[in-house]
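Encoded as structure tokens, the structure appears first; notes follow it.
Protein chains: 2
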Amino acid sequence: MLVDLTMRLGRQTPAYPGDPEVEISQVANLDSDGFLDHVIRCGTHNGTHIDAPGHMIRGGNMLGAYRPDRFVGRGRLLDLRSQRPPDVSSIEENDIVLLWTGFSEAAAAADYYSRIPAFSTELAEQLVGRGVKLVGVDAGSVDAEPFPIHKTLLGNDVLIAENLVGLSQLVNTEFEVIALPLNVDLDGSPARVVARVLGR
Amino acid sequence: MLVDLTMRLGRQTPAYPGDPEVEISQVANLDSDGFLDHVIRCGTHNGTHIDAPGHMIRGGNMLGAYRPDRFVGRGRLLDLRSQRPPDVSSIEENDIVLLWTGFSEAAAAADYYSRIPAFSTELAEQLVGRGVKLVGVDAGSVDAEPFPIHKTLLGNDVLIAENLVGLSQLVNTEFEVIALPLNVDLDGSPARVVARVLGR
Chain A
1 MLVDLTMRLG RQTPAYPGDP EVEISQVANL DSDGFLDHVI RCGTHNGTHI DAPGHMIRGG
61 NMLGAYRPDR FVGRGRLLDL RSQRPPDVSS IEENDIVLLW TGFSEAAAAA DYYSRIPAFS
121 TELAEQLVGR GVKLVGVDAG SVDAEPFPIH KTLLGNDVLI AENLVGLSQL VNTEFEVIAL
181 PLNVDLDGSP ARVVARVLGR
Chain B
201 MLVDLTMRLG RQTPAYPGDP EVEISQVANL DSDGFLDHVI RCGTHNGTHI DAPGHMIRGG
261 NMLGAYRPDR FVGRGRLLDL RSQRPPDVSS IEENDIVLLW TGFSEAAAAA DYYSRIPAFS
321 TELAEQLVGR GVKLVGVDAG SVDAEPFPIH KTLLGNDVLI AENLVGLSQL VNTEFEVIAL
381 PLNVDLDGSP ARVVARVLGR
């Protein structure tokens, strides 16, 4: 069974303060053109998206540097809704770790982007040490300025997925994460992120 | 092993005549903002993309009507490089059928979008009869105006993927197709399409 972990991308999608909003406009219609067609204008970090190292690290890789295998792998859910430090002992090399804050349950709230998770830099360093390939979070960002978590992960070539939704569906499951950005060679990209829950 | 079947999306991506071109512009930079950020403007049918029924069928579904399972499934490659009718007898319900024309090997050529595959409406009807969930092609379109193949597939709720690349990598393999559009509720969307080649 596939579970969607992706925000709907549209005019209503919350945008990080200062980032462009999503714009969608119709450019053809069935009556006069014979088909319906739209244009989407969105930032590389709108809605559910992937950050490449080049987003914050000078000389860091852009998304075009990665083969598709980098975006797909065994998933691990870490419950960070409480303040207890999570147990990372079962995390293995090339895992995709999803940090569950519960924040995206209120993604439509005006303060969504001001609710920044309080992850420790130590947790980011532990995940880097474990050799994970991607870290995702169900919040607008993994941290706020001056972005120590971003820099620890991206500086060690670990990709980041932000604005995930629906992580509660993964509690007590084994799952694979498929987190595919568009095939752009940029600092980030909107992505479709789904989980394949095994044994269901 | 995952094989990428997706065109790079950028300014150079070929656009269907009359469709908007892909535009990418930088909106933030490391020196003054602390991060690199871009805006992407592209049509719902630029580069490798998925067509929903609403693209050509009045009242047809938009992409938001489909759960992720609709975009992932067992893949079948049909070699249409010759004029011989392909054998569809092994195709099963919910398969994803990739029609291999070889045309996208010259996607940068000026005549790419004027090279329209000569699929028969009968083939489209056979695929509909088999109950496939998605049909992909490595060409700019499955057909030209008045779009009989589009209308047969979309009119029977079969999704279409166009501008695939690299299908030759799938010859004599068993594979799964993962063809994920953005999470938009529109007539189509740029997509990341990959194949998981089994046993490699």
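As you go down the protein sequences, you meet chains A and B in turn. If you use the working numbering, the first sequence corresponds to residues 1 to 200, in order. If you use the working numbering, the second sequence corresponds to residues 201 to 400, in order. Backbone N, C-alpha and C fix where the C-beta goes; we use that ideal spot for every residue, glycine too.
Tell me the rounded alpha-carbon separation between residue i and residue j.
i                 : j                 : result
Ile96 of chain A  : His249 of chain B : 26 Å
Gly366 of chain B : Val397 of chain B : 13 Å
Met56 of chain A  : Gly43 of chain A  : 15 Å
Asn356 of chain B : Gly259 of chain B : 12 Å
Asn61 of chain A  : Ala15 of chain A  : 24 Å
Thr321 of chain B : Leu205 of chain B : 25 Å
Thr13 of chain A  : Arg284 of chain B : 48 Å
Ala324 of chain B : Leu353 of chain B : 6 Å
Ala52 of chain A  : Glu374 of chain B : 31 Å
Ser82 of chain A  : Leu334 of chain B : 43 Å
Val227 of chain B : Val239 of chain B : 7 Å
Gly34 of chain A  : Ala344 of chain B : 12 Å
Asp269 of chain B : Met1 of chain A   : 7 Å
Asn163 of chain A : Ser141 of chain A : 7 Å
Ser104 of chain A : Arg76 of chain A  : 18 Å
Val393 of chain B : Arg67 of chain A  : 12 Å
Measuring alpha carbon to alpha carbon, tell me which residue in the options is nearest residue i.
i                 : options                                : result
Val272 of chain B : B:Pro286, B:Leu298, B:Leu280, B:Arg400 : B:Leu298
Ser179 of chain B : B:Phe375, B:Ala308, B:Leu353, B:Gly331 : Nothing can be reported for residue 179 of chain B: it is not among the residues displayed for chain B, which extend from 201 to 400.
Gly190 of chain B : B:Ala308, B:Asn294, B:Asp279, B:Ala324 : In the structure as shown, chain B begins at 201 and stops at 400. Residue 190 of chain B is therefore absent and cannot be evaluated.
Arg237 of chain B : A:Ile149, A:Pro190, A:Val194           : For the record, residue 237 of chain B in the displayed sequence is Asp; it is not Arg. The candidate whose alpha carbon is nearest that of Asp237 of chain B is A:Pro190.
Ala118 of chain A : A:Arg76, A:Asn29, A:Glu93, A:Ile149    : A:Ile149
Ala308 of chain B : B:Arg208, B:Met201, B:Glu292           : B:Arg208
Asp31 of chain A  : B:Gly254, B:Glu376, B:Asn246, B:Val384 : B:Gly254
Leu327 of chain B : B:Gly247, B:Ala339, B:Asp287, B:Arg241 : B:Asp287
Quick one: list the residues of chain A neighbouring residue i, beta-carbon separation under 9 Å, in chain order.
i                 : result
Ile240 of chain B : Ile40, Arg41, Cys42, Gly43, Thr44, Leu182, Val184, Leu186, Ser189, Pro190
Leu353 of chain B : Ordered by position in chain A, no residue passes the 9 Å Cβ test against Leu353 of chain B, which lies about 14 Å from the chain.
Asp204 of chain B : Arg67, Pro68, Asn183
For a contact defined as C-beta to C-beta under 7 Å, what are the partners of residue i on chain B?
i                 : result
Pro20 of chain A  : Val227, Val239
Leu198 of chain A : Simply none; closest approach about 14 Å.
Val72 of chain A  : Leu202
Val132 of chain A : Within 7 Å Cβ-Cβ: nothing; Val132 of chain A doesn't reach chain B, min ~18 Å.
Give the residues of chain A in contact with residue i, contact being defined as C-beta atoms less than 8 Å apart.
i                 : result
Arg208 of chain B : Gly64, Asn183, Val184, Asp185
Leu230 of chain B : Met56, Arg58
Could you work out which residues of chain B lie near residue i, taking near to mean beta carbons separated by less than 9 Å?
i                 : result
Gly34 of chain A  : Met256, Glu345, Pro346, Phe347
Val128 of chain A : Simply none; closest approach about 20 Å.
Counting contacts by CB-CB distance shorter than 8 Å, is residue i in contact with chain E?
i                 : result
Leu277 of chain B : The structure shown contains no chain E; the protein chains it does contain are A and B.
Residues of the region 356 to 380 of chain B in Cβ contact with chain A at a cutoff of 8 Å, in chain order, please. Ile378, Leu380
Anything in the region 134 to 147 of chain A with a Cβ closer than 8 Å to a Cβ of chain B? List those residues in chain order, please. Within the region 134 to 147 of chain A, the residues whose Cβ lies closer than 8 Å to some Cβ of chain B are Glu145, Pro146, Phe147, listed in chain order.
Can you pull out the residues from the region 103 to 119 of chain A whose beta carbon lies closer than 7 Å to at least one beta carbon of chain B? none
At what residue ranges does the region 63 to 92 of chain A contain a whole run of the beta strand (DSSP E), taking only runs of 3 or more? 72 to 79
Mind listing which residues of the region 46 to 70 of chain A have their C-beta closer than 8 Å to chain B's C-betas, in chain order? Gly47, Thr48, Gly54, His55, Met56, Arg58, Gly64, Arg67, Pro68, Asp69
Along the region 81 to 98 of chain A, what residues have a CB closer than 8 Å to any CB found in chain B? Here the close residues number zero.
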